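Participant: Here the sequence shown is numbered in full-length UniProt numbering, starting from 1 and rising by one per residue.
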Amino acid sequence: MFKKKEYSPAKAGQAQVNDLLSLVTRLQQSADQVEKNILLADKLLEEDLENERRGSPLRQQGPAAENLSQAEMLLKDLFMDVSKVKKLQHPQASIIERDVSNLHDRWSKYCGTYRHLYGQLHELYLPPGVDWSKLMSDKQKLLQDEAYGPTLTDVEKQIAQHNILHKQIEEYHRALEDSGDNSSALQKQYAALLASSAGRRAHLSSLYELMQACSRELQYLSEQQQKIISRDWSDRIIDSAGVRMENERFKNNGLLTHEREVSKLQEEANALIQDKHPGAAAVKSYSADVTREWKQFLSLCLCQDTHLDNVEEYKKYQLNLETFTESLNRIKSTTEPSALRNMSNPEILLQLEAEERSMLRNEQRLADLRELSSSIAPLHLRRSTTGRSISAVALCDWTTDKDSVKRGEKVTLVSSPREQMWEVSSSSGGTKLIPGACFMIPPPDSAAIDKVDSLSRDFSDLKRTRSALQAQAKTPNIEVVQFVKQVAVATVPDSAKASVIDSRLDQIYSDLLKLEKDMQNRIRTPLDRSAPVGDLSARIKDQESFALVLKNLEAEKASAQRDMQPLISQKPLGPTTSSLPLKLSKVNNKIDDISALSDLYHKKATSAMFLEKQIRMVDGVLTDFEDQLCADSGLLDEDNAIRNHSRQLQQLSKDVASRKGDIQQLNGELEATEQTCSSLQKSFQEFCPDIRHQESQVKRLRNRYSNINSQLQQRATLLKEAVSKYQEFQSVNQSLTAFLINMPNNKVQPGESMTQVYAKQNSQMRAVEDIKRKQDDVNRIVKLSEELQGVLNEYEVNSNKYRSALGKPEINSKGLDHLTLAEFVKKKEKDVVNLYSEVSAENNQLLNQLYLAKDLIYKNEEIVNHVVVKQQLQMQSQQREMEEVDGLKQELFEEISRRTHAENDLFAQRKRLVSLKSRRGVERVEEKETVHYYRDPKIEADLEVLKKRIADEIYKRSEMQSEIEIFKQKIVSRERDVVEVKPRLVTKVVTEIERDPKLDVEAARIRELILKLKEEIRVLESNSVNIRTEVTVLENKKPVIKERVILKEVVRLEKDPEMLKTVMSFKSEISDESIRCKNLNDEIFVIRSQINNLERIIPTIQPKTIIKEVKRVEQDADLLQESRTLRVTLEELIQEYSILMKEISSLQVRYSQVETIRQKIEFNEIIHEIYRIDPETERELRRLRNELIEIGKRRTSIESEISLIMVDLKTLRAEKPKVELKEVTREVVKEERSPEIIREIKRLNEQLTILRTNYDSTTSRVFRLRKDRDEWKAERSKVETKVVTKELIRYENDPLLEKEAERLRKEVREEIQCRRTVEENVFDLQNKYIVLERQKPEERVVVQEIVRLQTDPSQIQTHERLVRTLEETIKVRRQLELEVQQMRSVILELEKKLELVDRQKKVMVETELRQIKARIYELENCPKPVEEKIVIEEVLKVERDSKVDKLITGLRTEIDNEGASISRLEREIRNLRIRIESLTKEKSVERIIHKEVIRVEKDQAVEAERESLLTQVSQVKSTRTLKDEELLRLKNKITRIQTTRTNFSQEETTLIANRDRIKREQNELLQELKRLETQKQEISITFQQQTKLLSERNQLSRQKSIKMESEIQRLEREILEVKELINVREKTLIELQKEAKSVQNTETNTRETNVSTKITILDPETGKDMSPYDAYLEGLIDRNQYIHLQELECSWEEITTTGPDGEVTLLQDRKSGKQYSIKTALQNGRLTQYDLQRYRDGKMTISEFALLVAGEKKSTVFPPSSVTQTTSLQTNSSYSPSTLTRRTSYSSNGNLNSLNTSGDELYPISGILDITTESRMSVRSALTRKLIDQDTAMRLLEAQAATGGIVDLNKKDKLSVHKAAERGLIDSSQLHKLLSAQKAFTGFEDPVSKERMSVAEAARRGWIPNDSAIWFMEAQLLTGGLVDPNRAGRIGLQNAIDAKLIDTSMAKQLQDDLALVKNVVDPVKKDKITYKEAMARCKRDHSTGLLLFPAASTDTVDAPSYSSYKFTKK
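Given below as structure tokens:
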């Protein structure tokens, strides 16, 4: 074994050397081959370049492409080998890397040459006499023999090769048409060849897409597998909690996504295989690879979960082990002899009893440890270096190329467990190489078991030691004292019953421990994630059974306690009996703890169940919303598609908003659950394992809800924009289409005259001009179409992005039958453009035909009139035609040359464009390791692949935008949550600007071009000067006239038809050439614009600085500040701990002192035992004797008072019964004695509790802060990078932060240990104190002499010293608290500053985000650069070289100027040439002279007239041009004015609508104001009346009180007389006996019923009730009204007395003292027997009944009331204030007559009567059952609200709108409208003057619409009169006119029945009626007197359950 270890490094080193040698050899060979390929490719490219210059066909494309492809493959291998050489640390690695880079640069250069040479070939060169059939057969065979794959690189090459071949095949079509052999067979063969090529192209494209997707997925899966395999799964795993969190996050979010991706790939592969794809073999291979990697990844995920569970179990075991060891050592230290040396036996016993609870806990811990030790895996063996064999178990199925294992298979580890790949041997003996993460070393852990066994032995030894100490301490030390006689003291034996009780208590305690463990298991077990509600239900049932068992144990404990009481009362006690109280106390404590724990857990489980149900419900609702949003894939071509979508989105938005309450309820349930969990954690240190998962679920649901809202807002915005653009597009399209269709028909008909043709020509010219002017409309349509398509496509992209974010399947909109709206708009745009082009071409052609027709007609007329002249003209025309033909030929030649020049220019510009596109920016590499990227030239030639990549880039952009949105949300959340700045990793990016050498070369080339252009301009200028001089000479030269004598021969000449054909063909060719030139010029312009754009963009492209990773670990200042804060906090805690320890030590010293001062106990032989009474008991006895004496004295005095009172009683019994109620408050003060020491210890205990609470809170706060710090650190330390390339980035943690965190954790553990020690000490002290208290009364003092107790002065001094120390400590603590408060204020200020800084940072981040978006947009629009990975965490500061900018700007300006000069000179040259030609023609005209010489000279007059006519023509033309421009400008202005007018009209319509609405509101407010004024007046009148009434009542009460006082004086005088007349005792006794008999015969029974009336005022703004005092303070009422309302409040009391005269019932107002007899009211007619019977039956309230008895007369049987009064009747003197509304809260049903001035107030239509079922119901119920329509329901409710409130049918109450909404009488959506109607009753308030306005006044001022005001006043008038808000009651119409509430016109309108609006629909007759007619058709309810509107339901079954009331007619 040792030899192997020594030999292994040498062997490894030799292997490394061999690998390095082979690598270098392979590198050399590959480099030589690349060199050869490059040289050969250079040679071939040079040959084709020469062929191109000669104009010969290019023949070397194929060999050159092959050489470059081979070089590309070898370069890939070279780069991979270079990376391996660098890893093996070759000394010349850098030189090798540089050489390979040079080879790559050379290869890139020749690739560019290849692209420039072959990339622009448009024509296919074929040799003459080609055999098309054979050629196409060969190509077909080549296509059939081509392979597919098998790798992705091969497919890329095949795609590039096939693209070239496909282009060649497409070019065959043109060549085949030009050739003579173009038969149908060849056409079919070509069509088959083209179809085969297209099919292969499609197959290659689909195969490439699938293989590329599979490659991406395989790369991701391999990375994740390597991540899991390379992780250390031993007990030294780093950040296991972070790994667990990352794993949970992946399982919740990423696992399903990748599973869907793998399934999608499998489905696509299966579809390709089923479609018999030619590359099925490659598809199967890649699909199998993906499936295999996915299965291996899932297996590794399972292994990872198992490893994480093992790590958690191991850490739990370690923590329990540490806790048990520390506790064991602490208890063991207390049993050391050194600690017990100075302790007495009772002290030892107390200490042992105090530690008993710790021993029990440790015993439980030991059992848990023993159980854990046998189940945990030995993780430490995974890092062991021992050579012994280790057995392992496979956690998953794993298969490699050579080996495989099955799950559960047992193997033996052969290699070191530290390695990633384990070499294991199976049971068959073979070795396998499998990843170590797939195995687990199975439990048990022998080391853990040995450790637990060792601790178990130590614990057993400790128990034996404690038992020995306890037995020793219980053995009494008998001190033998010599006396005269000795008495042997015997031990009292225990009874058998005590042993039974003892065993019962032990059994109860053990059962309680089992229950506690069961409860803890139930608490600590996480919920079942698949069915949490069912799991919680089962747990709640288990909890109920648990509570029953606990109750039984409590009963058993109570039984044992009852059995124990007689044993304890016996004296003396045995050892077992004396221990029974301690055990009972322990059982009681345990029961209390378990009961509290059970209650808390029951609350937690209940709240968790509600939370889970709410989560499930909200999840279902949100899923429905998301499904609805996902179903919206876009807008189809349907009628009103956009508006329908808008309505659907609005409805969905309303539904989403209505579910906001569910989200709030969800948050409330989560808070309740968190509170119960925190209570569990604080009280019992039990952590709820499911709360974090529930919080994450709730957070996820909240995020989904916010995403739905944002999605709805975005879609609504897009639809709104689409509506406007679509309307504009439709209008412009319709107008243009109508114009184009209705064009005039100006075709020439045979036989038309010259005049008609001329008129048609003018008409056609105008039509052509109109068509040209319509070009702007066409451009506008195109622009609108593009914008509209952009909006619709954005809408569709937004929908698809949201759908893909939710993981929903894509909706194939192309497969639908209907077109999308965007496609429809595009099609419509295309149709309009085509129509315009056709119409324009037709009209231009027609205009040319008209020109030709006019010329022909004109010529025919000339032929008829002038025959001879015609012959001459024919000869001249023939000559001119010849010249024209020559000119046309010359023009054709010039056009061809110009076209050739333009094509060459276009070719050069394209080459320049390609060079600019392929140009790369300046790159500065700041890394030692450089990865070079290169492009495949074949891929660039493939247009389909480019389109696919463009689509991918669009998808990436959408993903990037979604990531940006996510980052925005994260930024917002961080700004809201983060209070202090956390550390983060900063990557500094250094940007350096360097000059681009290519730009310098380009600038030099442009300078040379400018020089050349200047030289050409100079030459042209010299030529132009020469031409000008030549023109001048020719103009001055006299015309040369040749004279020739010829014979006259009359020859008739006709136009040659062939010549005419030739001329026409030339003209058509010239027109075609002009069109081609125009197209070429347009193309040149487009390319130039692209070049300009590229030249403008190139300087803005920033130099790319490729930084692989730059890290610098620094100490964060904020983190240091936090650590300092934590240190300060820890120091404070340590100080508090030291103070507590000092106090505890002082208390221990005090205790020891008290313990040492023991009372003397002497044993003497005395026959009689003498007991001395305790001085305190003696003082207590004296106090009790004094109290008895005082009680006796008070008893005699009370008896004397009773005798006096009996005399008064006898006198008062003669009077009528009178009941007085008095509230007696008795204060019972219980005084207990409190000795000084007990009080001091109690105070110290309280102080200790406070300190301990502060310590616990501080510790928990420190723990929470540290936890937050760790979480933020974990979150902030994440570096998110956008990975574009395959670079590997490894993140390392900050070692300083880890050390600091470890040190802080250690300190926290120490502080926790100290806290536990303090708690145990406090517990021990409490137990000692309890034992002392129990033992103190049992001490018996048997002495002979009198023992005198005195206070020890040393104790007094010590006590005073302790008090002073405590006071000083309190002062210091208060100072510290003040300092803490100051520090808190400082912290708050700092937090505010931090918030300000955060806001600033937020602004900076948003700015940076906008810059990044702009940069992304630029990068997306620019040519696709080389894919590079750029890690940017700070904003790149891009600076441009000012010199280069200035140089480029100057060069561009010079180029523009020179171009303008060239064009100007060319125009001048053309003009000069034309003039020269015309002059030449004029000079060389030959005159034909017949027989005589004719001298022709210019007529000066004719020439002058000609010049003037030309001048006039030019002026007319310029004038016409100016007029046309003016006309066009005016038309544009008119169009703009029309558009502005349309906008103004729309705005005017909107403003008019707003004005009408504001006027209506003003009218409503004015009416409300008037009504309030009327109400105010009525209230003032009522106040006056009530004031008078109350003044009279007060006067009567004062008279009654005076009378009562005189009566009392008289009775006193009679009593004195009776006392004086003692001598007439017998007579008085006889009278008293008679009175006693009469009293005995008279049995008096008094029953009282109280009711009180409390007035409340309704706030018109908020709808809340206020007392009169609050209303007075708010300014709603004045002082007189407040006094009046206070007087109106009453409290009625019904007194019923049964005596000799029968039953007498009185009503008494408790406030005024007045009494009213019911019998008297019946006699006087104020009350009827019917009213009395209704009151007895409970149908009339006591307040209404009291008003009738007191003097109010009832006018009708059913008194309608607008009062809302709730009166409660209670017996036995109950008092319940009722609530009244503001309108008539001071009156009841019957007293409306006193309030109204115009008549009784009536109820409006209060409900609906179903005549089918004879049941009544509210308006809302009828609307729900659809018995009435929506408008009718609103009118009825508005009438109720405008006349006092919404009527409750059951209680006959009128409620405010808000209260009616709370009770469900109205819907919440009707609240806003009904509030306006309610203000018509309560009054409108002016916000400025705060005055109340009636509804008419509000309408006049424009607060409400006039129609609404009329409607409200109509309802008020029909129910009793108008309402003045400043007066009480109703007002008649005439009184309202007198009070100026309304004017006469409004009164006439209200009185006119024909003017009333029919706004109510009769549900029975289905006709519209007025509200007055509706009231007439109503039926009155006999029980309430309310009006019910008849309606008919469909059947009787339709009646609701709540309308069980049956309406009966009376």
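Ideal Cβ placement from N, Cα and C applies to all residues, glycine included.
This one's a predicted model, so the numbers in the text were calculated from it and none came from an experiment.
So what's Thr431 in DSSP terms, helix, strand or just coil?
Facilitator: Shown here, Thr431 sits in a strand according to DSSP, grouped into three states.
Participant: For Ser1993, name the three-state secondary structure that DSSP assigns.
Facilitator: Here Ser1993 sits in coil by DSSP.
Participant: So what does DSSP say about Lys1854, is it helix, strand or coil?
Facilitator: strand
Participant: Between the Cα of Ile1330 and those of Glu156, Ser427, Ser585 and Leu210, spot the shortest distance and give me the residue it belongs to.
Facilitator: Taking the Cα of Ile1330 as reference, the smallest distance to any Cα among Glu156, Ser427, Ser585 and Leu210 is reached at Ser585.
Participant: Could you check the C-alpha separation between Val768 and Ile1455 for me, to the nearest Å?
Facilitator: Within the model, the alpha-carbon separation for Val768 versus Ile1455 is close to 37 Å.
Participant: Per DSSP, what kind of secondary structure is Pro1925 in: helix, strand or coil?
Facilitator: strand
Participant: Once the 5 residues before and after Arg1348 are set aside, which same chain residues still bring their CB inside 6 Å of it?
Facilitator: Its pLDDT being 49, under 50, Arg1348 is placed unreliably in this model, and the value from its coordinates should be taken loosely. For Arg1348, where only same-chain residues beyond five positions count, there are no Cβ hits under 6 Å.
Participant: Find the nearest neighbour of Ala1861 within the set Val1819, Gln1830 and Arg704, judged by alpha-carbon distance.
Facilitator: Val1819
Participant: Determine the DSSP secondary structure at Phe687, reduced to helix, strand or coil.
Facilitator: coil
Participant: Which residue marks the beginning of the alpha helix (DSSP H) containing residue 2038, and which one marks its end?
Facilitator: The first residue shown for the chain is 1 and the last is 2010, placing residue 2038 beyond what the model contains.
Participant: Does the ligand MG have a heavy atom nearer than 6 Å to the CB of Lys1719?
Facilitator: For the ligand MG, the structure offers nothing, since it holds no ligand at all.
Participant: DSSP puts Leu636 in a beta bridge; with which residues?
Facilitator: Answer is Thr820, bridged to Leu636.
Participant: Less than 8 Å between the CB atoms is what I'm expecting for Leu611 and Leu670, so what's the real figure, rounded?
Facilitator: 6 Å
Participant: Nearest-angstrom Cα distance between Glu52 and His116?
Facilitator: 12 Å
Participant: Suppose contacts are defined by Cβ-Cβ distances below 7 Å. Is Leu1874 in contact with Val1895 by that definition?
Facilitator: no
Participant: Once the 5 residues before and after Gln694 are set aside, which same chain residues still bring their CB inside 8 Å of it?
Facilitator: Close CB contacts of Gln694 within its chain, under the 8 Å cut and outside five residues either way in sequence, are with Ala608, Leu611, Glu612, Ile615, Leu670 and Thr673 (chain order).
Participant: Quick one: which unbroken beta strand (DSSP E) runs of 3-plus residues sit fully inside the region 635-684? Chain order, please.
Facilitator: Taken in chain order, no unbroken stretch of beta strand (DSSP E) lies wholly in the region 635-684 with a span of 3 residues or more.
Participant: Which residue marks the beginning of the beta strand (DSSP E) containing Tyr148, and which one marks its end?
Facilitator: Where Tyr148 is concerned, there is no enclosing beta strand (DSSP E), given that its DSSP letter is neither H nor E.
Participant: Within a Cβ cutoff of 7 Å, which residues of the same chain sit near Ser415, ignoring the five residues on either side of it in sequence?
Facilitator: Within the same chain, and ignoring the five residues on either side of Ser415 in sequence, the residues whose Cβ sits closer than 7 Å to its Cβ are Trp422 and Glu423.
Participant: From the DSSP secondary-structure annotation, give me the bridge partner or partners of Gln1567.
Facilitator: Looking at the DSSP assignment, Gln1567 forms a beta bridge with Val1895 and Ala1896.
Participant: Using 8 Å for Cβ pairs, my map puts Leu736 next to Val833. What's the rounded Cβ distance?
Facilitator: Wrong, their Cβ atoms sit about 10 Å apart, outside the cutoff.
Participant: Counting C-beta neighbours from all protein chains within 10 Å, is the total for Thr1260 16 or more, i.e. buried, or is it exposed?
Facilitator: Residue identity check: residue 1260 is Ser in the sequence provided, not Thr. It counts as exposed.
Participant: Between which two residues does the alpha helix (DSSP H) harbouring Gln92 extend?
Facilitator: Premise fails: Gln92 is in no alpha helix (DSSP H) and is neither H nor E.
Participant: At which residues does the alpha helix (DSSP H) containing Thr400 begin and terminate?
Facilitator: In the DSSP assignment, Thr400 falls outside any alpha helix (DSSP H), carrying neither H nor E.
Participant: Is it buried or exposed, Pro1804, if we count other Cβ atoms within 10 angstroms and call 16 or more buried?
Facilitator: buried
Participant: Specify the secondary structure class of Ile1846 as computed by DSSP and reduced to three states.
Facilitator: Secondary structure of Ile1846 (DSSP, three-state): strand.
Participant: Look up Arg1364 in the DSSP assignment and say whether it is helix, strand or coil.
Facilitator: For Arg1364, the secondary structure class from DSSP, reduced to helix, strand or coil, is helix.
Participant: Going by DSSP in three states, Ile1969 sits in which element: helix, strand or coil?
Facilitator: strand
Participant: Going by the beta-carbon positions, is the gap between Arg1927 and Gln1575 smaller than 7 Å?
Facilitator: Going by C-beta atoms, Arg1927 is nearer than 7 Å to Gln1575.
Participant: According to DSSP, Gly1932 sits in a beta bridge with which residue or residues?
Facilitator: Bridge partners of Gly1932: none, in fact.
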